[in-house]
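Reviewing the structure listed below.
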Amino acid sequence: MRVLGVSAFYHDSAAALIEDGVIAAAAQEERFTRKKHDAGFPQHAIAYCLAQAGITLQDIDYVAFYDKPFLKFERLLETYVAFAPRGFKSFRMAIPVWLREKLFQKDLLRKEFKKYDPDFDWQNKLLFAEHHQSHAASAFFPSPFDEAVVLTMDGVGEWATTSVATGNGSDLQMTKEIHFPHSIGLLYSAFTYYTGFRVNSGEYKVMGLAPYGEPKYVDLIFDHLVDVKEDGSFRLNQDYFDYCTGLRMTNDKFADLFGGPARTPEELLTQRHMDLAASVQKAVEEIVLKMTRSLAKETGAKNLCLAGGVALNCVANGKVLRDAAFENIWVQPAAGDAGGALGAALCAYHLFQKQPRTLNGKMDAMQGSYLGPEFSQSEVEQRLAAAGGKFSVLSDQEIIDVTAQALADEKAIGWFQGRMEFGPRALGGRSIIGDPRSPAMQKTLNLKVKYRESFRPFAPSVLSEDASDWFELDADSPYMLMVADVVKKRRREMTENEKSLFGIDQLNIVRSEIPAVTHVDYSARIQTVHRETNPRYHALISKFKELTGCPVVVNTSFNVRGEPIACTPEDAFRCLMGSEIDVLVVGNCLLKKEDQDPALKLDYKNAFELD
């Protein structure tokens with residue numbers, strides 16, 4: 020049985036294909052269109068999924084959409100009625116769009132799919148899951164657990180913003196929900212907006228900025244913005260927010276409470292902004308921990324699955340892991356809306372069609388999240404030659420040896436191998452990698468390669484067998500969704516003068532043997548690399564360890580600021596020519612920057628907006 024899952028029309032559109040319960044393919048539309056967070060109908064992602072399986076749409080048994088548009092429309096109308104006459108301007112802008120596009124989404128979907136197959140029985144084959152049901156299914160069914168509690172937290176689906184489900188075998192039952200407008204995802208997004216970053220993409224920046232600040236506004240948040248009960252249930256005070264009725268996340272009362280207007284994107288970051296980031300991060304962590312402790316006590320369950328956009332907050336995930344209310348935690352790597360496509364397909368397969376679920380006894384079912392397109396060596400050579408690239412072709416062992424030596428020589432390397440990752444993290448398939456021992460590497464990658472803010476941290480990829488020798492982590496973290504501290508024996512004690520520094524002045528202090536991946540609070544967002552899911556990346560890091568004694572490399576996504584992660588060899592070559600990457604490795608092709616035609620140089624620094 021084949022089920023195609025689709026998410027679209029909000030942000031991060033995607034498609035995923037299930038064949039007899041196995042995830043055959045999954046990808047975000049943005050990777051093909053090169054439009055960050057593309058919300059359009061995912062025609063390229065669908066085409067890829069079908070091509071990967073060697074089938075047409077006629078071979079698909081069901082198409083599952085990730086939410087229910089009528090319920091969303093109901094929420095929009097009821098919200099405006101509840102807050103009337105406030106918000107008429109926003110209402111006037113939203114309603115024509117909803118009437119034209121969203122309310123008749125089933126018809127829109129039918130028309131789009133008829134382009135693939137005019138005779139398909141869409142009346143019976145097009146299914147709709149609820150938004151949080153899709154998220155929960157994406158978290159539980161691919162997890163390695165036979166039984167688990169599933170916690171989903173995001174901005175908002177149809178009505179739900181936080182939900183709890185219980186998974187058992189091939190069954191998944193939704194048991195509790197918190198409804199809009201009460202949302203910790205929207206609380207976090209409100210501070211994202213207020214600190215001058217873009218909602219739905221800048222939340223990562225707030226999380227990265229938080230360790231530079233002090234959580235001095237936490238009491239204000241709990242006294243005025245959010246009322247939290249002992250079980251983690253909460254309500255937001257709408258007097259301070261504008262997302263229900265206006266075109267902003269926060270209002271003037273919010274600005275008065277926190278001492279000034281929202282920061283503009285061009286405005287310099289101050290210590291106050293860092294303190295605000297630290298405060299909302301701590302508040303969200305406290306709410307999430309109350310929820311997880313309460314759920315563990317109430318259910319007696321040992322396993323927890325997480326999904327929804329808030330589950331991408333790897334700092335909070337790390338706190339939940341260390342809190343140990345649950346013995347085991349698994350987070351869906353595509354926890355945001357893109358993963359809803361996969362969840363919708365799994366809902367159709369297991370819940371609608373009652374198909375059994377098979378566990379492999381060890382690994383999860385995401386295959387390392389390497390579910391996107393890949394290119395044969397001959398395809399890589401043809402594409403790079405057509406793009407004007409000058410390259411040499413090496414053997415499997417030579418490519419590992421040369422790349423590891425380039426890493427040891429502190430080169431910035433574009434690493435493009437195998438299938439593209441599904442989800443927002445690069446995991447060694449489409450990565451820019453570097454030497455974590457270099458004190459200059461974080462600044463170099465941020466300012467000369469990624470063209471983004473200097474404060475943003477980079478993640479370490481570490482051999483899974485060596486992880487506990489470098490980080491305070493006793494569990495696997497294959498999807499870069501857990502934060503843990505560098506172990507004490509690898510740290511460097513700061514001087515009294517260094518300890519006295521505040522905010523961004525702390526950035527360039529060497530804190531450990533791997534300063535390029537050690538954040539200002541000694542933490543790191545860890546990816547454990549496993550031979551079973553990515554043998555080539557594992558071999559590269561192993562060779563680097565042989566050369567240097569260090570089983571860790573810097574890993575950041577293969578893109579520049581504002582651009583989606585590279586999908587094709589051409590994307591990778593453009594990134595080489597538009598940034599200060601030194602070496603590009605695509606399959607067994609090695610490209611050195613100095614060998615390339617200078618006429619092909621691009622200006623990527625100014626090509627993309629701030630993300």
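Following my numbering, the numbering of the sequence shown begins with 20 at its first residue and continues without gaps.
Where a beta carbon is used, it is the ideal one built from N, C-alpha and C, also for glycine.
Determine the extent of the alpha helix (DSSP H) in which residue i is found, giving its start and end residues.
i, result
"Leu127", "Gln124 to Lys133"
"Glu398", "Gln396 to Ala405"
"Gln416", "Asp415 to Ala427"
"Glu565", "Pro554 to Thr567"
"Gly514", "Rather than Gly, the amino acid found at residue 514 in this sequence is Thr. Neither: Thr514 is in no alpha helix (DSSP H) and is coded neither H nor E."
"Gly358", "Asp356 to Leu365"
Since residue i contacts residue j with CB under 8 Å, what's their CB separation in whole angstroms?
i, j, result
"Val175", "Ser202", "6 Å"
"Met382", "Gln300", "Actually they are not in contact, since the Cβ atoms of Met382 and Gln300 sit about 31 Å apart, beyond 8 Å."
"Glu440", "Gly362", "At roughly 17 Å, the Cβ-Cβ gap does not stay under 8 Å, so Glu440 and Gly362 are not in contact."
"Gly73", "Tyr368", "With 8 Å as the limit, Gly73 and Tyr368 do not qualify as a contact, their Cβ atoms being about 20 Å apart."
"Leu33", "Pro61", "Note that residue 33 is Ala in the sequence shown, not Leu. With a Cβ gap of about 6 Å, Ala33 and Pro61 count as contacting."
"Thr575", "Ser388", "Not quite, the Cβ-Cβ distance comes to about 16 Å (not below 8 Å), so this is no contact."
"Met385", "Pro161", "5 Å"
"Val548", "Val481", "7 Å"
"Thr422", "Val604", "5 Å"
"Arg471", "Arg593", "Not really, about 18 Å apart at Cβ, beyond 8 Å."
"Gly251", "Met310", "3 Å"
"Ala558", "Ile348", "Not a contact, Cβ separation roughly 28 Å."
Tell me which same chain residues have a C-beta within less than 7 Å of the C-beta of residue i, skipping the five on either side of it?
i, result
"Thr463", "Ala431"
"Thr537", "Val505, Arg530, Ser531 and Ala543"
"Gly407", "Asp616 and Leu619"
"Glu233", "Asp294 and Ala297"
"His56", "His30, Asp31, Glu49, Asn219 and Ser220"
"Ser487", "Asp493"
How far does the beta strand (DSSP E) with residue i in it reach, from first residue to last?
i, result
"Glu192", "Note on residue identity: the sequence assigns Gln, not Glu, to residue 192. That run of the beta strand (DSSP E) goes Asp190 to His198."
"Lys309", "It is not in any beta strand (DSSP E) - Lys309 instead sits in the alpha helix (DSSP H) that spans Gln290 to Thr318."
"Tyr81", "Tyr81 to Phe84"
"Ala543", "Ser542 to Val548"
"Cys586", "Per DSSP, Cys586 belongs to no beta strand (DSSP E) and is neither H nor E."
"Leu36", "Ala33 to Glu38"
"Leu145", "Leu145 to Phe147"
"Asp504", "Met501 to Asp504"
"Ala486", "Ala486 -> not in any beta strand (DSSP E); alpha helix (DSSP H) instead, spanning Ala486 to Trp489."
Is residue i near the ligand PLP, going by C-beta to nearest heavy atom under 7 Å?
i, result
"Thr75", "With respect to small molecules bound, the structure shown includes none, and the ligand PLP cannot be examined in it."
Please state the DSSP three-state secondary structure of residue i.
i, result
"Tyr389", "strand"
"Arg230", "In the sequence as displayed, the identity of residue 230 is Pro instead of Arg. Pro230: helix per DSSP, three-state reduction."
"Cys263", "coil"
"Met172", "strand"
"Trp434", "strand"
"Ala45", "strand"
"Gly24", "strand"
"Ile65", "helix"
"Met596", "helix"
"Gly448", "coil"
"Trp178", "coil"
"Glu440", "strand"
"Thr214", "coil"
"Phe253", "strand"
"Leu323", "strand"
"Ser153", "helix"
Excluding the 5 residues preceding and the 5 following residue i in the sequence, name in chain order all residues of the same chain whose CB lies nearer than 6 Å to its CB.
i, result
"Leu314", "Val168"
"Pro476", "Gly227 and His538"
"Tyr213", "Thr269 and Ala281"
"Ile65", "Ala34"
"Arg267", "Asp261"
Out of the options, state which residue places its alpha-carbon closest to the alpha-carbon of residue i.
i, options, result
"Asp242", "Ala404, Glu517 and Ala302", "Ala302"
"Gln124", "Ala46, Ser26 and Pro163", "Ser26"
"Asn322", "Phe474, Pro163 and Gly437", "Pro163"
"Glu484", "Asn516, Leu36, Phe260 and Gln546", "Gln546"
"Tyr498", "Arg129, Asn332 and Phe199", "Asn332"
"Thr185", "Asp165, Gly251, Phe490 and Glu49", "Asp165"
"Gln401", "Glu589, Lys87 and Ser189", "Glu589"
"Met501", "Thr211, Leu403, Arg444 and Ser395", "Arg444"
"Ser473", "Ala330, Ser153 and Lys224", "Lys224"
"Gly359", "Gln374, Lys248, Ala326 and Arg341", "Ala326"
"Leu244", "Asp140, Phe273, Lys195 and Leu595", "Phe273"
"Asn578", "Val572, Val571 and Thr587", "Thr587"
"Ser561", "Gly215, Phe435 and Ala427", "Ala427"
"Tyr259", "Asp271, Leu146, Pro375 and Glu249", "Asp271"
Give me, in chain order, the residues of the same chain whose beta-carbon lies closer than 8 Å to that of residue i; leave out the 5 immediate sequence neighbours on both sides.
i, result
"Tyr67", "Ala34, Ala44, Ala46, Phe51, Gly391 and Pro392"
"Leu239", "Leu276, Phe277 and Ser298"
"Ile600", "Ala431, Ile432, Gly433, Ile451, Val468, Cys594 and Lys612"
State yes or no: is the beta carbon of residue i nearer than 8 Å to at least one beta carbon in chain C?
i, result
"Ala184", "Of the protein chains in this structure there is only one, and it is not chain C."
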